[in-house]
Amino acid sequence: MSIDATPYNDPSYFKVSLQSPMVVGVAGGADAGKRDVCQLVMDHLSQKYSTKTVLISLTDFYRELTDDERSQYQAGKYNLDHPTAFDFDLLHDTIASLLSGKPTNVPVWDSIHHTRVDTRLVEPVDVILLEGTLVLYSKPLRELMFTKIFLDVDSDQRLTNRVSKTNVRNGREMSIKEVLTEYVDFVKPMFEDFIWPTKKFADIIIPRGAENKAALQVLGNHLEDHLKKRSNANDNNAQQPPTWSRGHHPEDESVDVFATTAASSYKQIPE
């Protein structure tokens, strides 16, 4: 794999205030290993620095279902992978609050019964890792991100990962037939219609996901470099408002570092 890191030599590549927490968005298909990548990044940053990090998952921001939707969910007919299943406004407000340095309540979602059960208080942090299939779908959410990552993992591998884990619906373990039906009816078409097209918004595309150790090392090093600059800037009492608050759109200057973006229909992605 060829990696051209030249764009990162320009410190203005990452358009974010040195005083702001970093929001790193990690997107990709279902079961692409997004949480694994986030954990590897967190481990990397904690090895040399006392970096405060938090992992926020899109799946904690599902909407509560209506009675009709609950009936569909129990029958396996409700599409949990469609963008309308999520509360993007709440997610945006939560990330914006964390960026402002405030202690923030984050929803806790019960994936077994598909309902919100509580909130957890997240104190101010240095790095916010935001993972989920559709974290690059919403433009207002993208504008809060320090950098945007897409895991390009083969569909067969993602399906293998899905089948090999325990899948639960309405408190009951799903059969292999139910898992495959759900994949064919919902997961695969939603990936093609909504998730894959957001790849064009990524700053960094990582083939093979968590298996690509070289790419993850490069990513970790560049996040580490920004943390060093932030520490130096804090020491010098530097003051600079975050550029995202002035309407800057980082995706306008995006660069694919680890792979070439493949052609896509880019259906129904909000501008």
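Take the sequence shown: its letter number 41 is residue 41 in UniProt numbering, and every next letter is one higher.
Just so you know, even glycine gets a beta-carbon here, dropped at the ideal spot from N, CA and C.
Within 9 Å, strictly: CB atoms of residue i and residue j
{"i": "residue 31", "j": "residue 161", "result": "yes"}
{"i": "residue 138", "j": "residue 92", "result": "yes"}
{"i": "residue 129", "j": "residue 148", "result": "no"}
{"i": "residue 191", "j": "residue 155", "result": "yes"}
{"i": "residue 134", "j": "residue 198", "result": "yes"}
{"i": "residue 76", "j": "residue 178", "result": "yes"}
{"i": "residue 88", "j": "residue 140", "result": "yes"}
{"i": "residue 142", "j": "residue 194", "result": "no"}
{"i": "residue 272", "j": "residue 29", "result": "This structure cannot settle anything about residue 272, because the visible part of the chain is limited to 1 through 271."}
Residue from the options with nearest C-alpha to residue i
{"i": "residue 79", "options": "193, 187, 218 and 21", "result": "187"}
{"i": "residue 98", "options": "52, 194, 157 and 74", "result": "52"}
{"i": "residue 60", "options": "33, 72, 95 and 73", "result": "95"}
{"i": "residue 102", "options": "88, 123 and 86", "result": "123"}
{"i": "residue 104", "options": "110, 121, 89 and 90", "result": "121"}
{"i": "residue 169", "options": "47, 184, 231 and 73", "result": "73"}
{"i": "residue 185", "options": "82, 200 and 201", "result": "82"}
Anticipated Cβ contact below 8 Å, residue i with residue j, distance rounded
{"i": "residue 281", "j": "residue 27", "result": "Outside the shown range of the chain, which is 1 to 271, sits residue 281, and nothing can be said about it."}
{"i": "residue 45", "j": "residue 219", "result": "With 8 Å as the limit, residue 45 and residue 219 do not qualify as a contact, their Cβ atoms being about 11 Å apart."}
{"i": "residue 204", "j": "residue 152", "result": "Incorrect: roughly 10 Å between the Cβ atoms, too far for contact."}
{"i": "residue 126", "j": "residue 42", "result": "11 Å between Cβ atoms; not a contact."}
{"i": "residue 131", "j": "residue 55", "result": "7 Å"}
Closer than 9 Å to chain B by CB, residue i
{"i": "residue 57", "result": "Any reference to chain B falls outside this structure, which holds one protein chain only."}
Practice problem: Take every Cβ of the stretch 107-115, pair it with every Cβ of the stretch 55-64, and state whether three or more of those distances are shorter than 8 Å. | Solution: yes
Quiz item: Does the stretch 199-213 come close enough to the stretch 34-51 to have 3 or more Cβ pairs within less than 8 Å?
Solution: yes
Self-check item: Complete beta strand (DSSP E) runs within the stretch 128-208 (minimum length 3 residues, chain order)
Solution: 147-152 and 204-207
Practice problem: Could I get the ranges of all uninterrupted alpha helix (DSSP H) runs contained in the stretch 80-111, with 4 residues as the minimum, in chain order? | Solution: 88-99
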